[in-house]
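All remarks here apply to the structure that follows.
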Amino acid sequence: MTEQSTAPIRPTDAVPASAGLRLLAVHAHPDDESSKGAAMMAAYAQAGAEVMVVTCTGGEAGDLLNPSYENVVATDRDITAVRREEMAEAVRALGIQHSWLGFLDSGLPEGDPLPALPANCFAEIPLRTAAAPLVALVRRFRPHVLIAYDEAGGYPHPDHIQAHHVAVEAYRAAGDPDAYPETGPAWEVSKLYYDRAFNPEKFRSLHEAFIAAGDESPFEARLSMYAQMDALREARRRQEAGEDVPDPEDAPGWIIPDHAVTTQVPVADFLEHRDAALRAHRTQVDPVGFFFAAPNELLRTSWPWEDYALIDARVPVELPEHDLFAGLR
304 MTEQSTAPIR PTDAVPASAG LRLLAVHAHP DDESSKGAAM MAAYAQAGAE VMVVTCTGGE
364 AGDLLNPSYE NVVATDRDIT AVRREEMAEA VRALGIQHSW LGFLDSGLPE GDPLPALPAN
424 CFAEIPLRTA AAPLVALVRR FRPHVLIAYD EAGGYPHPDH IQAHHVAVEA YRAAGDPDAY
484 PETGPAWEVS KLYYDRAFNP EKFRSLHEAF IAAGDESPFE ARLSMYAQMD ALREARRRQE
544 AGEDVPDPED APGWIIPDHA VTTQVPVADF LEHRDAALRA HRTQVDPVGF FFAAPNELLR
604 TSWPWEDYAL IDARVPVELP EHDLFAGLR
C-alpha cells in the first residue's frame, strides 16, 4: 500500500456509483450495525452496491436499555422475537440485506469474580465452528470488502471479541480452497477494514464544536476516558521498553487499539437513515441518549463521515481513502 494525501471531504460529497460491488459487515448483536457504520451502508446501498450485515447472535441476553420503552411485557416474554422484529425494521431503514449466523448471545458478565459464560454461547464456541457459517456466507455472497471489529471488539464484550476473531478468520480462509472445504467454492475478499465508529478524534472535534458554540459538551466523560487510555497506553509502552513504571491509578480496564483511521466515507446525506435504524432498536437505544447527543446539522459541519482503518488489501490502494471500494473500480 502507498500513501498519498487527498483533498478534505466536503459535507456535500457522496460515495461513487457502486453497482456490481459488494460489502459485508460483521456484527455481534442486533443494534450494533445501527451504531457502527449505518450511514455508510445506506450510502453505498443507494449508490448501487449490494450491502449485507451479518449478525452473529440473536441478542437473547440483552437487557431493556431504553427507559422510555413501553412494551415491557413483550420483552419479558420473548426479547429474542422483539429484537428480530427490530432488526428487520432497521434493515429496511438502511436499504440493505441481512443474515443471522444463529449463535447464542453470551451476555456481558459482571461481578468479582466474573461468572462463567453460558454453555454453548457464541464466545465459548471453538473458532472453527464459529467461523464456518461465516466462511460459507462469504463464499455465497462474495463480498469485495469485509468490515470487522478491532481486537478489543470495539469494546470488550465477549461476543464482540469473538466476532472480531470470526471475521478475521473468514477473511483469511474464504479464499483458500483447502480451508473449510464443506462451505462452498473459495472466494477471496479484497479488503479488510476495522470499524472506527468511536474514533477519539471524532469526539474531540464534536466537543470543540459544542464549546465553540457556547454549549455544554456531552462528550466530556468520553474524552476523559480516552485520556486515561492514552496514559495507560504510554505506561505500557514504557514497561515494554524495560522501564519500571506502574499503571496509572485511574487506568481503565481496556484500551482502544491504536489503529490509525485510513478511510473516511462521506455520509452527510444519510445520517437520518442511521437515526431511523437506531430508533428501530427500541429496546436497546434511548431516543434521547448517547447516539443522538450530537445533532445531525453539527455532524454535517464537524464530522460528516464514518471512519475505518484499512487492515489488509489484496488490491493496490492509496491512503488516505474516501471510498471503501477504492482499488476495485
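Residues 304 to 632 (the working numbering) make up the sequence shown, in order. Where a beta carbon is used, it is the ideal one built from N, C-alpha and C, also for glycine.
Collapsing the DSSP output to three states places residue 438 in a helix. For residue 400, the pairing in a beta bridge is given by DSSP as 355. Listed in chain order, the non-local C-beta contacts of residue 440 below 7 Å within the same chain comprise 357 and 402, local neighbours out to five positions each way being set aside. For residue 503, the enclosing alpha helix (DSSP H) stretches over residues 503-515. Cβ neighbours of residue 362 within its own chain (closer than 6 Å, five residues either side excluded): 332, 333, 386 and 408. Out of 591, 326, 454 and 603, the CA that lies nearest to the CA of residue 521 is found in 591. Nearest to residue 612 by alpha-carbon distance, out of 369, 497 and 322, is 497. Beta bridge pairing from DSSP links residue 325 with 353. For residue 571, no alpha helix (DSSP H) run applies, since DSSP gives it neither H nor E. DSSP places residue 533 within a helical segment (H, G or I) once states are collapsed to three.
Burial state of residue 340 is buried, judged by a 10 Å Cβ sphere holding 16 or more other Cβ atoms. A buried status is given to residue 509, since no fewer than 16 other beta-carbon atoms sit within 10 Å of its beta-carbon. Taking 8 Å as the cut-off, the beta carbon of residue 342 is found no closer than this to the beta carbon of residue 325. A Cβ-Cβ distance of about 6 Å is found for the pair residue 398 and residue 345, placing them in contact under the 8 Å criterion. In this structure, residue 565 lies away from residue 627, with their beta-carbon atoms at least 8 Å apart. Burial of residue 425 is indicated by the presence of at least 16 other C-beta atoms within 10 angstroms of its C-beta. One Cα belongs to residue 336, the other to residue 537, and the distance between them is close to 32 Å. Counting C-beta pairs with one atom in each stretch, the stretch 372-380 and the stretch 462-478 have fewer than three that are closer than 8 Å, which means they do not touch.
C-alpha of residue 359 to C-alpha of residue 437: approximately 9 Å in a straight line. Beta-carbon to beta-carbon, residue 495 and residue 451 are separated by about 7 Å, close enough to satisfy the 8 Å threshold.
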